[in-house]
Amino acid sequence: MGALRLCLLAALMGGALCQYYDYDAYYQPSSFMGPSGPNCAQECECPILFPSAMYCDGRKLKFIPIVPSGIKYLYLQNNMIEEIKAGVFDNATDLRWLVLDHNQITSSKVAKGTIDKLVHLEKLLFSYNNLTEPMGPLSKSLNEFKMIGNKLNKFPPTTLSGMENLTTVHLEGNELTTEAITGAFKGLKSLIFLDVSNNKLKKLPAGVPNSLEMLYADHNDIDSIPGAYLQKLPALQYLRVSHNKLADSGVPAGVFNSSSLIELDLSFNKLQSIPEVNENLEHLYLQGNSINKFDLTSFCKFTGPLNYSRLRHLRLDGNNVTRENMPFDTSNCLRQATDIVFE
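Going left to right, the sequence shown walks through residues -18 to -1, 1 to 325 as mature numbering (1 follows the signal peptide of the UniProt record, and there is no 0) numbers them.
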């Protein structure tokens, strides 16, 4: 949560787009923490200065060593692990972070009763493996769930059920369809970040909680947005739907006119006109569409001393409009814009 907030702050202050973050934000190599203590698997290191962590990353391991009691932070990324055998976590019931990124684990090789006994688990980072469906049930204390770059094509609605502490879900780079994630995010009262980019979705995920602040759905097959979709998400600030199949016919009038939105990315779709946006929007990305007119009413219904768009960045490159198409009153409506790109 803290890393995510810092990422956002950096983006807002520096203008950078901080789309992804992972354990690198709070991972500290064991070599920086002194020699290993005695209560440790022989294949790994448990620094005396951080005795509750066990570092087994990047050691060409093909199995998970038995985890001793007292370990709360377990790093197993960048190995060749193919399975999770029964009993490996029997002594580590107080485990808080489990990092298994970049291994070769398949869903059929995760022994039942291993992950679900970790009732205090807060972070499950299981990216870049060969999972076709998530394991479960999972700890109700989980706050971060990452399964990027697997082969997920199933996501039972009960997988995240009852996780009221969950704030961050990364599912990008899988094979999930709209039907596969139906009901998957219902009841997640604390969820603020959801990334379902690079899947096979035809619609934005339904049933997402109204706590959501960031929704990324780039690189899918989305061709329409339900008319009241954003009305159900009053906290949403960042919406990215680039590299999809959105045309004007799939964008109802005013669907993006949400006062909470700060950033809207609709680049690389099939739009022919600029959709109506709220005056509070600050960043709008429309490059790579087929837009052929610059309609100022998309940004300002009328212009006055207190009525103008707060837009700062607008990208229109890769469309059929040029700077010459801008109406004469553009400078009044877009008076805060510092970057309008046409080419």
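All C-beta atoms, glycine included, are put in the ideal place defined by N, C-alpha and C.
*Would you check if the region 163 to 171 and the region 179 to 194 touch, i.e. whether three or more CB-CB distances between them fall below 8 Å?*
Yes: the two stretches touch, three or more of their Cβ pairs being nearer than 8 Å.
*Just checking, does the region 110 to 123 make contact with the region 86 to 96 on the three C-beta pairs under 8 Å criterion?*
Under the Cβ criterion (8 Å, minimum of three pairs), the region 110 to 123 counts as touching the region 86 to 96.
*Please name the residue in 281, 270, 30, 241 whose C-alpha comes closest to that of residue 257.*
The count along the sequence shown starts at 1 and reaches residue 257 at position 275. Residue 281 is the option with its Cα nearest to residue 257.
*From the DSSP output, read off the bridge partner residues of residue 159.*
The sequence position of residue 159 within the sequence shown is 177, counting from 1. Bridge partners of residue 159 according to DSSP: 182.
*What distance in whole Å lies between the Cβ atoms of residue 228 and residue 246, which are believed to be in contact at a cut-off of 8 Å?*
Translated into positions along the sequence shown, residue 246 becomes position 264. Translated into positions along the sequence shown, residue 228 becomes position 246. Approximately 12 Å separates the beta-carbon atoms of residue 246 and residue 228; this is outside 8 Å, ruling out the contact.
*Report all residues from its chain with a CB closer than 6 Å to the CB of residue 205; omit the five preceding and five following residues, and keep chain order.*
Locating residue 205 in the sequence shown gives position 223, where the first residue counts as 1. Excluding sequence neighbours, residue 205 sits near 227, 232.
*Can you give the beta carbon distance from residue 302 to residue 272, rounded, assuming they're within the 8 Å contact cut?*
As a working mapping, residue 302 is identified with position 320 in the sequence shown. As a working mapping, residue 272 is identified with position 290 in the sequence shown. Indeed, because the Cβ distance is near 6 Å, the residues count as touching under 8 Å.
*Identify the residues that DSSP records as bridge partners of residue 56: which are they?*
Here residue 56 refers to the residue found at position 74 of the sequence shown. DSSP lists 36, 80 as the bridge partner or partners of residue 56.
*What does a CB cutoff of less than 8 Å around residue 279 pick up in its chain, not counting 5 residues either side in sequence?*
Your numbering for residue 279 matches position 297 in the sequence shown. The answer, listed in chain order, is 258.
*Pick from 230, 237, 250, 264: whose alpha carbon is nearest that of residue 244?*
Taking the first residue of the sequence shown as 1, we reach residue 244 at position 262. Comparing alpha-carbon positions, the option among 230, 237, 250, 264 lying closest to residue 244 turns out to be 264.
*Run through DSSP, which three-state label would residue 322 get?*
Taking the sequence shown and counting its residues from 1, one reaches residue 322 at position 340. Residue 322: strand per DSSP, three-state reduction.
*Any idea if residue 317 is buried or exposed, counting beta-carbon neighbours within 10 angstroms, 16 or more meaning buried?*
Against the sequence shown, residue 317 aligns to sequence position 335. With fewer than 16 Cβ atoms within 10 Å of its Cβ, residue 317 is classed as exposed.
*Reducing DSSP to helix, strand and coil, say where residue 247 ends up.*
Position 265 of the sequence shown, counting from 1, holds the residue named residue 247. For residue 247, the three-state secondary structure derived from DSSP is strand.
*Nearest-angstrom Cα separation, counted from residue 236 out to residue 288*: If you number the sequence shown from 1, residue 288 lands on position 306. If you number the sequence shown from 1, residue 236 lands on position 254. When rounded, the separation of the alpha-carbon atoms in residue 288 and residue 236 is 21 Å.
*Give a yes or no on whether the C-beta atoms belonging to residue 193 and residue 172 are separated by under 8 Å.*
Position 211 of the sequence shown, counted from the start, is the residue given in the question as residue 193. Position 190 of the sequence shown, counted from the start, is the residue given in the question as residue 172. Yes, the Cβ-Cβ distance between residue 193 and residue 172 is below 8 Å.
*From which residue to which residue does the alpha helix (DSSP H) around residue 312 run?*
Translated into the one-based positions of the sequence shown, residue 312 becomes position 330. The continuous alpha helix (DSSP H) containing residue 312 extends over residues 312 to 315.
_Three-state secondary structure assigned by DSSP to residue 297_ = Taking the first residue of the sequence shown as 1, we reach residue 297 at position 315. In the three-state DSSP reduction, residue 297 falls in the strand class (E or B).
*Whole angstroms is fine: what's the gap from residue 36's alpha carbon to residue 131's?*
Translated into positions along the sequence shown, residue 36 becomes position 54. Translated into positions along the sequence shown, residue 131 becomes position 149. Going from the Cα of residue 36 to the Cα of residue 131 covers about 25 Å.
_Cutting at 6 Å between CB atoms, please list the residues of its own chain near residue 221, excluding the five before and the five after it._
By 1-based counting over the sequence shown, the position of residue 221 is 239. Once the five neighbours on either side are set aside, the close Cβ partners of residue 221 are 197, 246.
*Would residue 305 be called buried (16 or more neighbouring beta carbons within 10 Å of its own) or exposed?*
By one-based count along the sequence shown, residue 305 stands at place 323. With fewer than 16 Cβ atoms within 10 Å of its Cβ, residue 305 is classed as exposed.
*Which residue from 182, 191, 155, 219 puts its Cα closest to that of residue 145?*
Numbered from its first residue, the sequence shown carries residue 145 at position 163. Ranking 182, 191, 155, 219 by Cα distance to residue 145 puts 191 first.
*Evaluate residue 284 with the Cβ neighbour count: other Cβ atoms within 10 Å of its Cβ, from every protein chain shown; 16 or more gives buried, anything less gives exposed.*
Numbered from its first residue, the sequence shown carries residue 284 at position 302. Its Cβ having fewer than 16 others within 10 Å, residue 284 is exposed.
*Give the DSSP-derived three-state secondary structure of residue 212 in the structure shown.*
Locating residue 212 in the sequence shown gives position 230, where the first residue counts as 1. Note: residue 212 maps to helix in three-state DSSP.
*Helix or strand or just coil, what does DSSP make of residue 97?*
For the purposes of this step, residue 97 is taken as the residue at position 115 of the sequence shown. Three-state DSSP puts residue 97 in a helix.
*Which residue's Cα is closest to the Cα of residue 123: 212, 147, 140, 33?*
To locate residue 123, count along the sequence shown from 1; it is residue 141. Residue 123 has its Cα closest to that of 147, out of 212, 147, 140, 33.
*Look up residue 176 in the DSSP assignment and give the residues it is bridged to.*
As a first step, residue 176 is located in the sequence shown; it is residue number 194 there, counting from the start. For residue 176, which the question treats as bridged, DSSP gives the partners 151, 197.
*asked:* Would residue 43 and residue 61 qualify as a contact pair, given that the criterion is a beta-carbon distance under 8 Å?
replied: Taking the sequence shown and counting its residues from 1, one reaches residue 43 at position 61. Taking the sequence shown and counting its residues from 1, one reaches residue 61 at position 79. Yes, Cβ-Cβ distance for residue 43 and residue 61 is below 8 Å.
*Is residue 261 helix, strand or coil when you go by DSSP?*
Locating residue 261 in the sequence shown gives position 279, counting from the first residue. It is coil, neither helix nor strand.
_Is the separation between the beta-carbon of residue 39 and that of residue 59 shorter than 8 Å?_
The sequence position of residue 39 within the sequence shown is 57, counting from 1. The sequence position of residue 59 within the sequence shown is 77, counting from 1. The answer is yes: Cβ separation under 8 Å.
*Assign residue 27 to buried or exposed, taking buried as 16 or more other Cβ atoms, counted over all protein chains shown, within 10 Å of its Cβ.*
Counted from its first residue, the sequence shown places residue 27 at position 45. Around the CB of residue 27, 16 or more other CB atoms lie within 10 Å, so the residue is classed as buried.
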